[in-house]
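**Q** Residue numbers (the working numbering): 1 to 102.
Note that the Cβ used here is the ideal one computed from N, Cα and C, for glycine as well.
Submitted below is the structure of interest, expressed as C-alpha cells.
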C-alpha cells in the first residue's frame, strides 16, 4: 500500500493519456499536435506517439489536407482491454457528450 502523508494527494486521472487524446480529437478533429499538446499538458512528442498508437489500433483515421491533418475517431472501434472490449469508442464518446448537451 502506498503511504501518502496527510494533506498530500496523489495525482491521477480516470482516463489514460491515450483516452484523453482520443476524447480531445473527437471534439477537435482539426487540431494540430501542438494544440492537443497545449490543451492536455503533454509534449508534442507524446501526442505524436499516442496518435500513432490510436491510428495503429484503428481508433483514429488521419487525413491530410495540404499541410494540415484532420483526425476522425472511429466510433465503431472497440476498446482494447479484455474487460471492456464489448464497449465501443462511440459509446464512451456519447456518454461524455451527454453531460455537455452536445
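1. Could you please give the first and the last residue of the uninterrupted beta strand (DSSP E) stretch that includes residue 8?
2. For residue 75, which of helix, strand or coil comes out of DSSP?
3. Look up residue 69 in the DSSP assignment and give the residues it is bridged to.
4. Are there three or more Cβ pairs, one per stretch, closer than 8 Å when the stretch 17-35 is compared with the stretch 72-89?
5. In three-state DSSP terms, what is residue 37?
6. Is the Cβ-Cβ distance between residue 105 and residue 98 less than 8 Å?
7. Using 8 Å as the cut-off, can you tell me whether the stretch 51-61 makes contact with the stretch 5-23, which would need three or more C-beta pairs spanning the two stretches below that distance?
**A** So, from the listed chains and residues:
1. Premise fails: residue 8 is in no beta strand (DSSP E) and is neither H nor E.
2. coil
3. 64
4. yes
5. helix
6. What the structure shows of the chain is the stretch from 1 to 102, and residue 105 is not part of that stretch, so it cannot be assessed.
7. yes
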